[in-house]
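Trainee: So that we are looking at the same thing, I have put the structure below in structure tokens.
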Amino acid sequence: SSLKKFLAGLDRMPVIDTHKVGIMYVGPGQRDEVDILRNSHGSPAYTRFLEGIGRLINLRGQVDVYAGGLDPEEDGEYAYAWWDDIGQILYHTATLMPNNPADPQSNNKKRHIGNDYVRIVWNDSGIPYRFDTLTTQFQFVNIVVDPHSLGAIAAFSNNLHETEYFKVTVQSAPGMPEFAPLGHFKLISAENLPLLVRQLSLLADWFASVFADTQHDTIRVEMKTNWHNRLDAIIRFKNNMPKEEPGECVEGIMGQEAFRDFTTSM
Numbered sequence: 001s002s003l004k005k006f007l008a009g010l011d012r013m014p015v016i017d018t019h020k021v022g023i024m025y026v027g028p029g030q031r032d033e034v035d036i037l038r039n040s041h042g043s044p045a046y047t048r049f050l051e052g053i054g055r056l057i058n059l060r061g062q063v064d065v066y067a068g069g070l071d072p073e074e075d076g077e078y079a080y081a082w083w084d085d086i087g088q089i090l091y092h093t094a095t096l097m098p099n100n101p102a103d104p105q106s107n108n109k110k111r112h113i114g115n116d117y118v119r120i121v122w123n124d125s126g127i128p129y130r131f132d133t134l135t136t137q138f139q140f141v142n143i144v145v146d147p148h149s150l151g152a153i154a155a156f157s158n159n160l161h162e163t164e165y166f167k168v169t170v171q172s173a174p175g176m177p178e179f180a181p182l183g184h185f186k187l188i189s190a191e192n193l194p195l196l197v198r199q200l201s202l203l204a205d206w207f208a209s210v211f212a213d214t215q216h217d218t219i220r221v222e223m224k225t226n227w228h229n230r231l232d233a234i235i236r237f238k239n240n241m242p243k244e245e246p247g248e249c250v251e252g253i254m255g256q257e258a259f260r261d262f263t264t265s266m
């Protein structure tokens, strides 16, 4: 029936908003995209950062968390993700993806990270990270994290990384409006870095998606969330249904139920 067909289509529309963000580690002296993509690990500070930005999930048989197009057979069994009641972020982390000897250019990794609108770049290279280091047509936002300084180590502290500070810079595509409350850069403690970068990556992906999907015209073209698209589908279905003839006023409990039917107010 038309109702079953409609409900099947509605079930295929996500009930939350999903985001994909790339993460790359740049080792000392590295400039080339292939060398960067083929890194299989990073510094201790980078590893600690990953542990704070999201939860490590097993992609094999994963149905509860958005997998961002990753295939455990080709892209590794694990990924970092974060979610709440209304949204999910899947981080395409290059150091978690396996290096394939048959893929010396790391095209499989680039297939995911290069198609992300936003990339987090942990830059231990010692040289400024260029915006166009990764060649891709989806070049919108880079969130670059550089090591900065080591603060005074408190007494009785055994964790040397908790007093480190990092420089966070946002690089964005020409013509893209400024959206990040960072100015030229911000110095952030290691403790607060994962939370800040996670929120920044979510905000950046929203803005980059609007910028890309509206062909840079955010005034005349509306950007809709998954929730809005589901509501539009429900309203279209209701408008296509045969109109009911006005019936008699129903009193009592049935009348109260009819009054609470939200579909009659659409």
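Counted the way the UniProt record's numbering counts, the sequence shown spans residues 1 to 266.
Just so you know, even glycine gets a beta-carbon here, dropped at the ideal spot from N, CA and C.
Which word fits L134, buried or exposed, when buried means at least 16 other C-beta atoms lie within 10 angstroms of its C-beta?
Mentor: buried
Trainee: To the nearest angstrom, how far is the alpha carbon of F140 from that of E178?
Mentor: 12 Å
Trainee: Excluding five sequence neighbours on each side, which residues of the same chain lie with their C-beta closer than 7 Å to the C-beta of A208?
Mentor: The answer, listed in chain order, is Y117, V118, F140 and V141.
Trainee: Helix, strand or coil, according to DSSP, for residue 310 in the structure here?
Mentor: With the chain covering 1 to 266 only, the question about residue 310 has no answer from this structure.
Trainee: Give the range of the beta strand (DSSP E) segment to which V168 is assigned.
Mentor: E164 to S172
Trainee: What residues are listed by DSSP as bridge partners for P147?
Mentor: Answer is F166.
Trainee: Would you give the residue range spanned by the alpha helix (DSSP H) that S106 belongs to?
Mentor: For S106, no alpha helix (DSSP H) segment is defined, and its DSSP state is neither H nor E.
Trainee: Would residue 267 and G114 be called neighbours here (beta carbons separated by less than 9 Å)?
Mentor: The structure shown does not extend to residue 267, since the chain is modelled only from 1 through 266, so no value can be given for it.
Trainee: For L59 and V144, I'd like the C-alpha separation in whole angstroms.
Mentor: C-alpha separation (whole angstroms): 27 Å.
Trainee: Under 8 Å by Cβ, that's how I've got G54 and A81 pegged, so tell me the actual separation to the nearest angstrom.
Mentor: 5 Å
Trainee: Mind the definition here: the region 3 to 10 touches the region 74 to 94 only if three or more C-beta pairs lie below 8 Å; say whether that holds.
Mentor: no
Trainee: From the DSSP output, read off the bridge partner residues of N142.
Mentor: DSSP lists R119 and Q171 as partners of N142.
Trainee: Starting from the C-beta of E74, find all residues in its chain whose C-beta is less than 7 Å away, skip the five residues before and the five after it, and write them out in chain order.
Mentor: Closer than 7 Å at Cβ, skipping near neighbours: N108.
Trainee: Going straight from the alpha carbon of V77 to that of P28, what length do you get?
Mentor: Rather than Val, the amino acid found at residue 77 in this sequence is Glu. Going by the C-alpha atoms only, they are around 27 Å apart.
Trainee: DSSP three-state label for T93, please.
Mentor: strand
Trainee: Report buried or exposed for D64, applying the criterion of at least 16 other Cβ atoms within 10 angstroms of its Cβ.
Mentor: exposed
Trainee: Alpha carbons only, please: which of Y25, S201 and M176 is nearest the one belonging to A45?
Mentor: Y25
Trainee: What alpha helix (DSSP H) runs, 4 residues minimum, are completely inside the region 26 to 92?
Mentor: For secondary structure counted as the alpha helix (DSSP H) over 4 or more consecutive residues, the region 26 to 92 holds these complete runs in sequence order: 33 to 37, 44 to 53 and 72 to 75.
Trainee: Could you check the C-alpha separation between R180 and N240 for me, to the nearest Å?
Mentor: The amino acid occupying residue 180 in the given sequence is Ala; Arg does not appear at that position. The C-alpha of A180 lies about 43 Å from the C-alpha of N240.
Trainee: Just the Cα atoms here: how many angstroms apart are Q199 and S125?
Mentor: 25 Å
Trainee: Give the DSSP bridge partners of V21, in chain order.
Mentor: Y91
Trainee: Given this structure, state the Cα-to-Cα distance separating I153 from A190, to the nearest angstrom.
Mentor: Here I153 scores only 42 on pLDDT, less than 50, and its place in the model should not be relied on; the value that follows carries that caveat. Looking at the two C-alpha atoms, the distance is approximately 13 Å.
Trainee: The alpha helix (DSSP H) that contains L187, what's its start and end?
Mentor: Not the alpha helix (DSSP H): L187 falls in the beta strand (DSSP E), residues K186 to S189.
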